[in-house]
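Each remark here refers to the structure printed beneath this line.
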Amino acid sequence: MDCLFCSIAAGEIPSKKVYEDDTVVAFYDVDPQAPVHVLVIPRQHIASPDDITPDNSAVVAHVFEVIAKLAKELGLENGYRVVTNCGKDGGQSVQHLHFHVLGKRSLAWPPG
Ligand code: AMP
Numbered sequence: 002m003d004c005l006f007c008s009i010a011a012g013e014i015p016s017k018k019v020y021e022d023d024t025v026v027a028f029y030d031v032d033p034q035a036p037v038h039v040l041v042i043p044r045q046h047i048a049s050p051d052d053i054t055p056d057n058s059a060v061v062a063h064v065f066e067v068i069a070k071l072a073k074e075l076g077l078e079n080g081y082r083v084v085t086n087c088g089k090d091g092g093q094s095v096q097h098l099h100f101h102v103l104g105k106r107s108l109a110w111p112p113g
């Protein structure tokens, strides 16, 4: 299947990855809409939020666990937005489930 985010997850297309494990990959958005703009995607191809089912929904819970961890690492202690677009009218341009994490670093970042 020809899918941009599957190719990024597989490392076939370069990206600035900030996190990866067996289930999810996180990388900087190429066209940031906030000072920090990261995309978190499942490795598994799920086309959109409409395609979340009892069989694959555990990956979504894991995505949010990773987001909480990344937010701390990226210095988003003061808060951030998580956005998922669904379908044409929802502004979804890449047909692979993804979660935008948008925020700005706190003044205390980087730690230490
Ligand atoms: P959406 O409009 O919700 O489907 O979001 C797709 C996002 O993917 C947009 O914010 C794009 O800037 C981003 N994007 C597209 N191609 C790439 C890429 N090669 N690497 C990183 N982000 C990308």
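When you line the sequence shown up against this note's numbering, it's residues 2 to 113, in that order.
Every residue, glycine too, gets a C-beta built ideally from N, C-alpha and C.
Everything numeric in this text was worked out from a predicted model, so none of it was measured.
Of the other Cβ atoms in all chains shown, 16 or more fall within 10 Å of the Cβ of Ala27; this residue is therefore buried.
With a cutoff of 6 Å, Ser49 does not count as near the ligand AMP, since its C-beta is closer than that to no heavy atom of the ligand. In this chain, Ile53 is not harboured by any alpha helix (DSSP H), its DSSP state being neither H nor E. Distances from the CB of Gln45 to the heavy atoms of the ligand AMP are all 6 Å or more.
Distances from the CB of Val31 to the heavy atoms of the ligand AMP include at least one below 6 Å. Of the heavy atoms belonging to the ligand AMP, none sits nearer than 6 Å to the Cβ of Ser58. Here Val25 has Val41, Ile42, Pro43, Arg44, Val60, His63, Val64 and Val67 as same chain residues with Cβ atoms under 8 Å from its own Cβ, once five neighbours each way along the sequence are excluded. Under the three-state reduction of DSSP output, Ala27 falls in the strand class. Residue side-chain check: Val95 places its Cβ nearer than 6 Å to a non-hydrogen atom of the ligand AMP. Per DSSP, reduced to three states, the secondary structure at Lys18 is strand. One Cα belongs to Gln96, the other to Ile14, and the distance between them is close to 16 Å.
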